[in-house]
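Same order as they appear, the protein sequences are chains H and D. At position 204 of the first sequence the residue is numbered 346 (the numbering used here), and the sequence of numbers has no breaks. At position 136 of the second sequence the residue is numbered 278 (the numbering used here), and the sequence of numbers has no breaks. Using N, Cα and C, we set each Cβ at its ideal position, and we do this for glycine too.
2 protein chains.
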Amino acid sequence: MMMARSNALRDGPGRWPAASPLNACAACDARPFSVCSAIHECDLGRLAAVAEIVEIAPGQTFVDEGEAARHFFNITRGTVKIFKLLPDGRRQITGFLDAGDFLGLAVDRTYAFSAEAIDTVRLCRFERPKLIGLLDEFPAFERQLLKWASHELLAAQNQMLLLGRKTARERVASFLLTRNRRRCPGRVAGTLVSLPMNRTDIGDYLGLTIETVSRTITRLKRDGLIRLHGSDAIELLDPAGLETIAEGFGAA
Amino acid sequence: MMMARSNALRDGPGRWPAASPLNACAACDARPFSVCSAIHECDLGRLAAVAEIVEIAPGQTFVDEGEAARHFFNITRGTVKIFKLLPDGRRQITGFLDAGDFLGLAVDRTYAFSAEAIDTVRLCRFERPKLIGLLDEFPAFERQLLKWASHELLAAQNQMLLLGRKTARERVASFLLTRNRRRCPGRVAGTLVSLPMNRTDIGDYLGLTIETVSRTITRLKRDGLIRLHGSDAIELLDPAGLETIAEGFGAA
DNA sequence: CGTTATCTTGACGTACATCAAATGTCGTGG
DNA sequence: CCACGACATTTGATGTACGTCAAGATAACG
Numbered sequence: 143m144m145m146a147r148s149n150a151l152r153d154g155p156g157r158w159p160a161a162s163p164l165n166a167c168a169a170c171d172a173r174p175f176s177v178c179s180a181i182h183e184c185d186l187g188r189l190a191a192v193a194e195i196v197e198i199a200p201g202q203t204f205v206d207e208g209e210a211a212r213h214f215f216n217i218t219r220g221t222v223k224i225f226k227l228l229p230d231g232r233r234q235i236t237g238f239l240d241a242g243d244f245l246g247l248a249v250d251r252t253y254a255f256s257a258e259a260i261d262t263v264r265l266c267r268f269e270r271p272k273l274i275g276l277l278d279e280f281p282a283f284e285r286q287l288l289k290w291a292s293h294e295l296l297a298a299q300n301q302m303l304l305l306g307r308k309t310a311r312e313r314v315a316s317f318l319l320t321r322n323r324r325r326c327p328g329r330v331a332g333t334l335v336s337l338p339m340n341r342t343d344i345g346d347y348l349g350l351t352i353e354t355v356s357r358t359i360t361r362l363k364r365d366g367l368i369r370l371h372g373s374d375a376i377e378l379l380d381p382a383g384l385e386t387i388a389e390g391f392g393a394a
Numbered sequence: 143m144m145m146a147r148s149n150a151l152r153d154g155p156g157r158w159p160a161a162s163p164l165n166a167c168a169a170c171d172a173r174p175f176s177v178c179s180a181i182h183e184c185d186l187g188r189l190a191a192v193a194e195i196v197e198i199a200p201g202q203t204f205v206d207e208g209e210a211a212r213h214f215f216n217i218t219r220g221t222v223k224i225f226k227l228l229p230d231g232r233r234q235i236t237g238f239l240d241a242g243d244f245l246g247l248a249v250d251r252t253y254a255f256s257a258e259a260i261d262t263v264r265l266c267r268f269e270r271p272k273l274i275g276l277l278d279e280f281p282a283f284e285r286q287l288l289k290w291a292s293h294e295l296l297a298a299q300n301q302m303l304l305l306g307r308k309t310a311r312e313r314v315a316s317f318l319l320t321r322n323r324r325r326c327p328g329r330v331a332g333t334l335v336s337l338p339m340n341r342t343d344i345g346d347y348l349g350l351t352i353e354t355v356s357r358t359i360t361r362l363k364r365d366g367l368i369r370l371h372g373s374d375a376i377e378l379l380d381p382a383g384l385e386t387i388a389e390g391f392g393a394a
């Protein structure tokens, strides 16, 4: 069984600009690939009016499982981890969210998950009633949100397959490929995967221990499939080979 | 590693009534607890016009992973299993759907899952463009669908926690409780859980083998937590005790 | 350059998988 | 009603992938 981990959160709250300038949304780097893209440029004022820009320090938890759900979030910079805990400290990370990702649907009055910033995160925070009001006003926005939910559901099913039926090697290969497919602002399409999260996080995402993750990465390296650039960036030397492993053909 | 299973599907197609009477939706048993409840009684004709009532024989697959996604579905009777396969036959069941459940969101042009009837299933089938047209027409319907997607997302996160971090005993206890919490038409709220799916399905849902499922059930029985009524119904003798196990307090 | 956290590597244990066989269940037909 | 398969479930014996425990090796940092 797994040990509780040190949840070393910096207790200083992030900066919380009291109000967003009306053009904040227009200037947002993340808008092109976020749900907000559904709102026409000329209506961005309405969106900005209900958005509060918040900066979260690395390691800071900004959503607590079980708390009354008061907000939706849209990540505009950095990476967030979403997780659930068992009483003895076992943890399952159910997703990593990057710039452009929307957060807060998996809720039933109270949050069903916690969320913590991995690096410095900037996000837009929406009070739930206000955002829901916006859905009434902009049907295209609601449609986009439904699309996002579908996308997340698809990812969740893939993750269930991974957690329920894949080997450690298949899990790590899948993880690296999934990470590589993300639009990371400032990264050209290529084979260098940046991993802002640490090995413990990767383990808790893949249903493995840190040791197994480390050993598996070492083995992929030995097999010439990847190369490490520091411990937080991995180059995919043979994406096709990794794909074959990830999809479970290794055992066929 | 897991073996490919006998996918004994009856190849006879189900009955496909050519058209639905206009009052079909008004008479539907599943409407009160399905997404269709968002459409007002007086507009049910519009819904019925795009719904095709289909009956699926036990064991018949009616959605194939990778096929072009042409339909949405709403289950009105029976139980369906949703699953993903790996090339060597390993299978992960990502959900069981009962009357009132909606199916078809986790899609990206092609279906990301397969769906098979467990018992005799009756469902409403909607061509995707037509249902999407209905969303434009009835915003409340779209809202309801977003709510359903959120609900599914929440369930998916719980399942990820189960698959990634729970023991076999915790998984089976969780499964029984989740099954017991469902609205099963014709079942009074109580402690008798009906299991239309077989042990192999349960194993593939919980990320375990059939043998482990069986042994775990036997042990829960020995411990006085459950009692078997045949092999497809289980009585929860101590729901609170099961809850304690399911939530992982056993190891705390 | 120590100090400390993170990552890697090694030795060993275990929960669950695999392989194999017995038992139970149910439909079918004599 | 009972005998007989065919299949699902349970039980048993054994294997193994990954977890746990314990050091080292590296990297981050003042």
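- Remark: C-beta atoms of Lys-363 (chain D) and Arg-369 (chain D) approach each other more closely than 8 angstroms.
- The residues Leu-239, Ala-241, Asp-243, Leu-265, in chain order, have a CB closer than 6 angstroms to that of Ile-217 (chain D) in the same chain once the five nearest residues on each side in sequence are set aside.
- Taking the beta carbon of Arg-251 (chain D) as reference, no residue of chain H falls within 9 angstroms; the closest one sits roughly 11 angstroms away.
- Neighbours of Gln-286 (chain H) in chain D, taken as residues at a C-beta separation under 9 angstroms, are lacking, since the least C-beta distance is about 11 angstroms.
- In terms of Cα proximity to Thr-333 (chain H), the closest of H:Ala-257, H:Asp-380, H:Arg-232, H:Ala-259 is H:Asp-380.
- Chain H places a beta carbon closer than 8 angstroms to that of Lys-226 (chain D), counting this residue as a contact.
- In its chain, beyond the 5 residues on either side, Leu-337 have a beta carbon closer than 6 angstroms to the beta carbon of Asp-374 (chain D).
- Closer than 8 angstroms to the CB of Thr-236 (chain D) there is at least one CB belonging to chain H.
- Residue state for His-293 (chain H) is assigned as helix, using DSSP reduced to three classes.
- Annotation for Lys-223 (chain D): the continuous beta strand (DSSP E) segment containing it runs 222–227.
- In this model, Glu-258 (chain D) and Tyr-347 (chain D) are separated by some 14 angstroms (Cα to Cα).
- Distance from Leu-378 (chain D) to Val-314 (chain D) at the Cβ level is roughly 12 angstroms; contact not present, criterion being Cβ atoms closer than 8 angstroms.
- When DSSP states are grouped into helix, strand and coil, Arg-324 (chain D) belongs to the coil group.
- The C-beta of Glu-353 (chain H) comes no closer than 8 angstroms to any C-beta of chain D.
- Setting aside the 5 residues that flank it on each side, Ala-254 (chain H) is surrounded in the same chain by Ala-248, each with a C-beta closer than 6 angstroms to its C-beta; the list follows chain order.
- The DSSP assignment places 270–279 as complete runs of the alpha helix (DSSP H) inside the segment 248–299 of chain D, in order along the chain (cut-off: 4 residues).
- Closest in C-alpha terms to Val-355 (chain D), from the list D:Gly-390, D:Phe-391, D:Arg-311, comes D:Arg-311.
- Annotation: Pro-338 (chain D) has no Cβ neighbours in chain H at a cutoff of 8 angstroms; minimum Cβ distance is about 20 angstroms.
- For Ala-298 (chain D), the closest of H:Ala-382, H:Gly-237, H:Leu-277 by C-alpha to C-alpha distance is H:Gly-237.
- Note on Cys-184 (chain H): under 16 other CB atoms within 10 angstroms of its CB, so exposed under the neighbour-count rule.
- Exposed is the label assigned to Asp-365 (chain D), since fewer than 16 other Cβ atoms lie within 10 Å of its Cβ.
- When C-alpha distances from Phe-283 (chain D) are compared across D:Ala-168, D:Ala-172, D:His-182, the shortest belongs to D:His-182.
- Linking Asp-278 (chain H) to Pro-281 (chain D) through their CA atoms gives a straight-line distance of about 8 angstroms.
- Note that the C-beta distance between Thr-221 (chain H) and Met-339 (chain H) is below 8 angstroms.
- Leu-288 (chain D) and Leu-287 (chain H) have their C-alpha atoms roughly 8 angstroms apart.
- For Asp-230 (chain D), a Cβ of chain H is located within less than 8 angstroms of the residue's own Cβ.
- Excluding residues up to 5 positions away in sequence, Leu-304, Ala-388 lie with their Cβ nearer than 6 angstroms to the Cβ of Ser-316 (chain H) in the same chain.
- DSSP, reduced to helix, strand and coil, places Leu-239 (chain D) within a strand of the structure shown.
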